[in-house]
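Q: Going by our numbering, the first residue of the sequence shown is number 31, and it counts up by one from there. Dropping a structure here in structure tokens format, bear with me for questions.
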Amino acid sequence: SPGTVTDPAMLDDREPVHLLAIAPTRSARLGLAWSDLSAGRLLLLELEDAAALEPELARIGAAEVLVPDDERGEQLIEHHRLRCPRRLPPFVFDPVDAERRWREHLGVATLEGFGIASTGPSLGAAGALLHYVEQSKPDYVAGLRTIERFRRDETLLLDPAALRALEVVETVRHRRREGSLLQAVDRTASAMGARRLREWLLAPLRERTAITARHEAVEALLQTPLRLERLRAALRECPDLERLAARVAARRAGPRDLAALRSALAQLPALRENLDGLAPPRLAALREQLAPLPELLERLERELTDTPPLRVSDGGVIREGVDPELDAARTVRRDAHRLLAEMQAREIEATGIPSLKIAHNNVFGYYISVTNTHRDKVPAHYVRKQTLKNAERYVTEELKALEQRIERAEQEAAEREAQRFAALREACEQRSAELAAIARAAAELDVLAGFAALALERGYVRPELEDSNVLEIEAGRHPVIEQTLDGEPFVPNDIALGGEHRPIVAVITGPNMAGKSTFCRQVALIVLLAQTGCFVPAERARVGLVDRIYCRLGSADEIMRGLSTFMVEMVETAAILRGATDRSLVVLDEVGRGTSTYDGVSLAFAVTEYLSETIGCRSLFATHYHELCELARHDPRVVNLNVAVREWGERIVFLHKIEPGSADRSYGLHVARLAGVPEAVVQRAEQRLRELEDGRRTSGGASRQRERRTARQPSLFAPPEQRLRMALQALDLDQLTPLQALNWLQGWKRRLDNATNAS
Numbered sequence: 031s032p033g034t035v036t037d038p039a040m041l042d043d044r045e046p047v048h049l050l051a052i053a054p055t056r057s058a059r060l061g062l063a064w065s066d067l068s069a070g071r072l073l074l075l076e077l078e079d080a081a082a083l084e085p086e087l088a089r090i091g092a093a094e095v096l097v098p099d100d101e102r103g104e105q106l107i108e109h110h111r112l113r114c115p116r117r118l119p120p121f122v123f124d125p126v127d128a129e130r131r132w133r134e135h136l137g138v139a140t141l142e143g144f145g146i147a148s149t150g151p152s153l154g155a156a157g158a159l160l161h162y163v164e165q166s167k168p169d170y171v172a173g174l175r176t177i178e179r180f181r182r183d184e185t186l187l188l189d190p191a192a193l194r195a196l197e198v199v200e201t202v203r204h205r206r207r208e209g210s211l212l213q214a215v216d217r218t219a220s221a222m223g224a225r226r227l228r229e230w231l232l233a234p235l236r237e238r239t240a241i242t243a244r245h246e247a248v249e250a251l252l253q254t255p256l257r258l259e260r261l262r263a264a265l266r267e268c269p270d271l272e273r274l275a276a277r278v279a280a281r282r283a284g285p286r287d288l289a290a291l292r293s294a295l296a297q298l299p300a301l302r303e304n305l306d307g308l309a310p311p312r313l314a315a316l317r318e319q320l321a322p323l324p325e326l327l328e329r330l331e332r333e334l335t336d337t338p339p340l341r342v343s344d345g346g347v348i349r350e351g352v353d354p355e356l357d358a359a360r361t362v363r364r365d366a367h368r369l370l371a372e373m374q375a376r377e378i379e380a381t382g383i384p385s386l387k388i389a390h391n392n393v394f395g396y397y398i399s400v401t402n403t404h405r406d407k408v409p410a411h412y413v414r415k416q417t418l419k420n421a422e423r424y425v426t427e428e429l430k431a432l433e434q435r436i437e438r439a440e441q442e443a444a445e446r447e448a449q450r451f452a453a454l455r456e457a458c459e460q461r462s463a464e465l466a467a468i469a470r471a472a473a474e475l476d477v478l479a480g481f482a483a484l485a486l487e488r489g490y491v492r493p494e495l496e497d498s499n500v501l502e503i504e505a506g507r508h509p510v511i512e513q514t515l516d517g518e519p520f521v522p523n524d525i526a527l528g529g530e531h532r533p534i535v536a537v538i539t540g541p542n543m544a545g546k547s548t549f550c551r552q553v554a555l556i557v558l559l560a561q562t563g564c565f566v567p568a569e570r571a572r573v574g575l576v577d578r579i580y581c582r583l584g585s586a587d588e589i590m591r592g593l594s595t596f597m598v599e600m601v602e603t604a605a606i607l608r609g610a611t612d613r614s615l616v617v618l619d620e621v622g623r624g625t626s627t628y629d630g631v632s633l634a635f636a637v638t639e640y641l642s643e644t645i646g647c648r649s650l651f652a653t654h655y656h657e658l659c660e661l662a663r664h665d666p667r668v669v670n671l672n673v674a675v676r677e678w679g680e681r682i683v684f685l686h687k688i689e690p691g692s693a694d695r696s697y698g699l700h701v702a703r704l705a706g707v708p709e710a711v712v713q714r715a716e717q718r719l720r721e722l723e724d725g726r727r728t729s730g731g732a733s734r735q736r737e738r739r740t741a742r743q744p745s746l747f748a749p750p751e752q753r754l755r756m757a758l759q760a761l762d763l764d765q766l767t768p769l770q771a772l773n774w775l776q777g778w779k780r781r782l783d784n785a786t787n788a789s
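Here it is in structure tokens:
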């Protein structure tokens, strides 16, 4: 099934395949358990309600999801559009029974040693997963030897919208790794390291001590480039030990798997040697975890041939000199060709038939072939076995005896070699738990070494971490885009938010294509990398730790769910405003553009105020609503930034440089011309723009007045005072009679009186 694929030929070396089980409860709580069977890891997580499920589904990216075959399971499938759902009997999700079955499976009296002190719903999910693997992939049950608690409260939360907008592991358009953050920062030398990097990027840390431990390790490796290169060279020669250990535990390892395991173990001394003397505690701990297992390595080197075949049945797996009985059988098998050649020579001499041959096929075994020309010379003791058009085939007692001897030797060799290989695989299986621990340490070391190599290659710096709301980046660069410029320099930019007496919200204006969205993504990605443990693309970065990153950057219709572009925009915005805290980072792009101008401006205005005044979190708001820039005039927590543009006649040049202040134009018509819009359309648009800016109306006055009244109708959700202010700003006094003005004023007084009485 999709979630239990373990065949190496069907797996992407750098991507996990997760099988996920979800256990709903009568209360709102949910239990999750997931595993990549090809790597043998099982993780548990409990959620307080279904609202927290969506980010976890996006992070885990399960290939198959197990749910109970009941109403709660169907609700999960429908509401969360689960990928490849598999319905199981509800009783297999029982946490009490699951606790008993897992104790029996692991051979322990209690699960407390694995951090599981109670029978919560996540244990029920683990029970369902164990049941399903026992039924569909029983060999791999043995590989599930550890249970880990996923510490959600220790990780930075990235909701699905942020993962998509920031293209953390795949691009939005093509859903491919190429062009993603993962691809841009991946300098790992092994497949298991690449999978661990993906895991880290999807769950950055939020605890300062843990992040600092990673930064210290990267810095130490960066300061010793020769040692770093030796480490990475050893890691390149290290096969996928994580998946090898899982196959060994499942008793599915073949001869080439054990040869790969031998190669991996042979690299451990070099890895340990290159970690000697490095001060960071994390590197010292990894060195201790990379236990070399010399006895197992020595046995693999002594018994396994240098280049074994794919299958044991092909022979040539066990070295000469390991097993006397096997060597004797092999000697007979090797001598068979010589003995057959000697017999053929004797028979030719005895019969006088020069074309006589001894051959073999799968039906008759060995036989003597004589052409019809010499049929009259065949001796009487030859026994005919088959007559062909041009020849006849015979056997003799001597040939049958030799054949039996050869077959017996081949059978003995095959059986003995299979026994020796099984014993060798059993020796590896007994160390499978240690192999899995070594694999985890090697994968982590690979990621840290990759971070150091990336910093060396791209000029990344170590970020300064604080438990505050500060965010300072000097000469920051976009980690993905700067690698796609073919030698052209990326224009770096600064940002300074938070801290004492500084704004926390930046309103960013400027034309399309100038780089507003790129800058916003750049800031979010730098924070994400910093908390992953990576150095960052900047000259200096000072990051107050973030608990969540929220992004609303672009949107699309979700027709299948009956949601319009604007509804999706509002749903995502609502999730941000409900979930963000004063330690969050919020990135918004063009909120409110999917509705009428005044509704859009009002929403954007209110959202920005809410972020600065109520939540108080660091926020970047890219917009074409220049009205938002008014906020900075009376709110010291808001600052205006713009993307610099230079004009030469009718041409504009995007400088991609963030500067203080607000933009005064959007240059939309210039962008339209660059996009190839017909010149006649652009010229007509320019004419219409001049008319609107000059306040002239060349035709259709009544119709345009109706349009203005419709467009200027205040949002129903705005407070009365704000709606009055907007209505006053939209009022065209030149088109208003005294009676209309009186009626307008009377109407607004009535609305305000009603609002006051209602409150």
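The C-beta atom is built at its ideal place from N, Cα and C for all residues, glycine as well. Since this is a predicted model, take the numbers as computed values, not measurements.
Straight-line CA distance for I534 to I556?
A: Rounded to whole angstroms, I534 to I556 spans 17 Å at the Cα level.
Q: Assuming the contact rule is C-beta atoms closer than 8 Å, A82 and G33 should be a hit. Round their C-beta distance to whole Å, please.
A: Not really, about 22 Å apart at Cβ, beyond 8 Å.
Q: Taking just the CA atoms, how far does V598 sit from H700?
A: So the two alpha carbons sit approximately 29 Å from each other.
Q: Is it true that the CB of P310 sits closer than 8 Å to the CB of A219?
A: Not a contact, by the Cβ cut-off of 8 Å.
Q: Going by beta carbon distance, what residues of the same chain come within less than 7 Å of R206, once the five residues before and after it are set aside?
A: Closer than 7 Å at the Cβ level, and outside the excluded window around R206, lie E200.
Q: To the nearest angstrom, how far is it from the Cα of L67 to the Cα of S642?
A: Approximately 46 Å between the Cα atoms of the pair.
Q: Compute the beta-carbon to beta-carbon distance between E447 and I579, rounded to the nearest angstrom, for a pair I have assumed lies under 8 Å.
A: At roughly 56 Å, the Cβ-Cβ gap does not stay under 8 Å, so E447 and I579 are not in contact.
Q: Do R175 and L141 count as a contact pair if the criterion is CB distance below 8 Å?
A: No.
Q: Do A439 and V362 have their C-beta atoms within less than 8 Å of each other?
A: Yes, Cβ-Cβ distance for A439 and V362 is below 8 Å.
Q: Can you give the Cα-Cα distance for V521 and H531, rounded to whole angstroms?
A: Cα to Cα, the separation comes out at about 28 Å.
Q: In its own chain, which residues sit with a C-beta less than 6 Å from the C-beta of Y655, not counting the 5 before and 5 after it?
A: Excluding residues within five positions, the ones whose Cβ falls inside 6 Å are V631, A634.
Q: Taking S818 as the reference, give the member of R181, H664, R667, P151 with the closest Cα.
A: Only positions 31 to 789 of the chain appear in the structure, and residue 818 is not among them; the question remains open.
Q: Given that a residue counts as buried once 16 or more other Cβ atoms are within 10 Å of its Cβ, and exposed if not, what is G61?
A: By the neighbour-count rule (16 or more Cβ atoms within 10 Å), G61 is buried.
Q: Could you give the first and the last residue of the continuous beta strand (DSSP E) run that contains V425?
A: Its beta strand (DSSP E) spans residues 421-425.
Q: Can you check which of these residues, D524, D287, P119, is closest to R277 by C-alpha distance?
A: Selected option, being the one with the closest Cα: D287.
Q: Can you check which of these residues, L308, L106, A473, is closest to A69 by C-alpha distance?
A: Ranking L308, L106, A473 by Cα distance to A69 puts A473 first.
Q: Under 8 Å: do the region 233-242 and the region 560-572 share three or more Cβ pairs, one atom per stretch?
A: Enough Cβ pairs lie closer than 8 Å, so yes.
Q: Could you have a look at D724 and say whether DSSP puts it in helix, strand or coil?
A: Of the three classes helix, strand and coil, the one that applies to D724 here is helix, per DSSP.
Q: Exposed or buried, which one is W132 when buried takes at least 16 other CB atoms within 10 Å?
A: The residue in question, W132, is buried, as its Cβ has 16 or more Cβ neighbours within 10 Å.
Q: Look at the alpha carbon of A466 and the alpha carbon of G307, and state the distance between them as a whole number of angstroms.
A: Going by the C-alpha atoms only, they are around 25 Å apart.
Q: According to DSSP, simplified to helix, strand and coil, what is Y640?
A: Correct three-state label for Y640: helix.
Q: At 4 residues or longer, what runs of the alpha helix (DSSP H) sit wholly inside the region 245-306?
A: With a minimum length of 4 residues, the continuous alpha helix (DSSP H) runs that stay inside the region 245-306 are 255-266, 271-279, 285-305.
Q: For the candidate residues E433, D629, E134, whose alpha-carbon lies nearest to that of E398?
A: The sequence given here places Ile at residue 398; Glu does not occur at that position. When each option's Cα is compared against that of I398, the closest is E433.
Q: Could you name the residues of the same chain whose beta carbon sits closer than 6 Å to that of G223, not counting the 5 residues immediately before and after it, in chain order?
A: Around G223: A473, D476, V477.
Q: Scan the region 52-112 and note each continuous beta strand (DSSP E) run of 3 residues or more that stays entirely inside, going in chain order.
A: Here the runs fully enclosed are 60-66, 71-77, 94-98.
Q: For the beta strand (DSSP E) holding C581, just list the boundary residues, first then last.
A: 578-583 is the extent of the beta strand (DSSP E) around C581.
Q: Just checking my contact of Q319 with I503 at CB under 8 Å: how many whole Å lie between their CB atoms?
A: Not quite, the Cβ-Cβ distance comes to about 35 Å (not below 8 Å), so this is no contact.
Q: Can you give me the Cβ contacts of E78 inside the same chain, cut-off strictly under 7 Å, excluding the 5 residues immediately before and after it?
A: For E78, where only same-chain residues beyond five positions count, the Cβ hits under 7 Å are A58, R59.
Q: Please name the residue or residues paired with V400 in a DSSP beta bridge.
A: Beta-bridge pairing links V400 to E422.
Q: Do the region 101-119 and the region 187-203 make contact, defined as three or more Cβ pairs closer than 8 Å?
A: Output reads no: the region 187-203 does not touch the region 101-119.
Q: Could you pull the start and end residues of the alpha helix (DSSP H) that V669 belongs to?
A: No alpha helix (DSSP H) contains V669, which is instead part of the beta strand (DSSP E) from 668-678.
Q: Given a cut-off of 8 Å on the beta-carbon distance, is the pair A158 and L118 in contact?
A: Yes, the pair counts as a contact, with Cβ atoms nearer than the cut-off.
Q: Considering only the alpha carbon of each residue, which of S547, R551, I606, R608 lies closest to E620?
A: That would be S547, whose Cα lies nearest to the Cα of E620.
Q: Taking C-beta to C-beta, are E350 and D344 nearer than 8 Å?
A: Their beta carbons are not under 8 Å apart, which means E350 does not touch D344 by this criterion.
Q: Are E689 and L661 close, meaning C-beta to C-beta below 8 Å?
A: In this structure, L661 does not lie closer than 8 Å to E689 by Cβ.
Q: Pull up the distance between the alpha-carbon of L775 and that of L763, whole angstroms please.
A: Cα to Cα, L775 sits roughly 13 Å from L763.
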